[in-house]
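Here's the structure we're looking at; comments come further down.
Encoded structure:
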């Protein structure tokens with residue numbers, strides 16, 4: 113079945129460092145891809161999305177490009193802030209089977225130190 | 015933010031008791047989902063609904079049932095709670111399966 117693999121955390125960075133969180137996927141067909149962010153004690157918030165190959169999703173300085181040839185959707189940010197500390201989840205939409213179910217990676221915890 | 019609320023937000027119960035969690039939306043979205051979040055597992059789908067009275071099972075549906083009698087409400091019931099159902103439960107909604115899902119704030123359930 114469809115699956116998402118993202119890099120194990122935790123990731124600890126200094127403020128203004130460059131961030132990459134790797135995400136690769138396995139899917140039949142052409143799923144939509146998402147990054148969600150979860151701040152402590154809160155629900156998941158959509159960070160960005162891409163619905164087809166070569167699409168770039170972006171929001172709040174974060175970017176990710178849908179790479180069909182490498183089945184990847186890596187999250188990047190050029191200069192992280194302390195306020196970016198959170199858990200980040202990569203996900204794909206499973207278009208077959210459960211209607212629109214999201215398949216999630218296990219999450220990557222990011223801590224940004226001042 | 016999408017209009018989605020969950021109740022209760024926290025609950026402690028004992029093994030063997032029934033528990034019902036409520037998800038309420040004000041967006042009139044067709045699709046609603048229940049997930050559970052556990053350390054090391056990310057989020058996993060329990061049940062979902064694609065319309066009033068239309069529901070189906072997800073990956074981890076054993077021990078759970080759902081009902082949707084109105085567009086705005088999606089109920090998750092643990093018929094007889096077990097300690098393995100201690101988790102954080104999230105509801106999500108979307109108007110279309112190719113679009114993003116929007117999540118509620120979660121319910122933290124502890125089964126003693």
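Residue numbers (our numbering), protein chains in the order written: chain A, 113 to 226; chain Y, 15 to 126. By construction, the Cβ of each residue, glycine as well, lies at the ideal position given by its N, Cα and C atoms. Keep in mind the model is a prediction, meaning the values are calculated, not measured.
message: Can you pull the chain Y neighbours of residue 172 of chain A, defined as C-beta to C-beta under 7 Å?
response: Within chain Y, no residue comes near residue 172 of chain A; the closest Cβ sits about 15 Å away, beyond 7 Å.
Test: residue 156 of chain A CB closer than 7 Å to a CB of chain Y: yes
Candidates A:179, A:226 and A:155, of which the one nearest residue 165 of chain A by Cα: A:179
Local conformation of residue 99 of chain Y per DSSP, three classes: helix
- prompt: residue 137 of chain A and residue 204 of chain A look like a contact to me (Cβ under 8 Å); what is the Cβ gap, rounded to whole Å?
  reply: 5 Å
query: Taking 7 Å as the CB-CB limit, is residue 146 of chain A close to chain Y?
result: yes
task: Return the first residue and the last residue of the beta strand (DSSP E) that residue 59 of chain Y is part of.
output: 56-65
Anticipated Cβ contact below 8 Å, residue 122 of chain A with residue 223 of chain A, distance rounded: 6 Å
message: I need the DSSP call for residue 195 of chain A, collapsed to helix, strand or coil.
response: helix
- request: Could you please tell me which residues of the stretch 89-112 of chain Y, in chain order, have their CB closer than 8 Å to any CB of chain A?
  value: 104, 106, 108, 110, 111 and 112
message: So that I know if they touch, is there some Cβ in chain Y lying closer than 7 Å to that of residue 217 of chain A?
response: yes
query: Should residue 148 of chain A and residue 158 of chain A be called a contact, given that it needs their Cβ atoms to be closer than 7 Å?
result: yes
- prompt: Between Y:101, Y:87 and Y:98, which lies nearest to residue 47 of chain Y when the distance is taken from Cα to Cα?
  reply: Y:87
- prompt: According to DSSP, which residues form a beta bridge with residue 224 of chain A?
  reply: A:125
- request: From the DSSP output, in three-state form, read off residue 186 of chain A for me.
  value: coil
task: Check whether the Cβ atoms of residue 173 of chain A and residue 189 of chain A sit closer than 7 Å, and answer yes or no.
output: yes
Cβ distance (whole Å) where residue 90 of chain Y is taken to contact residue 80 of chain Y below 8 Å: 6 Å
field: 8 Å Cβ cut-off: residues of chain A touching residue 119 of chain Y
entry: 154 and 155
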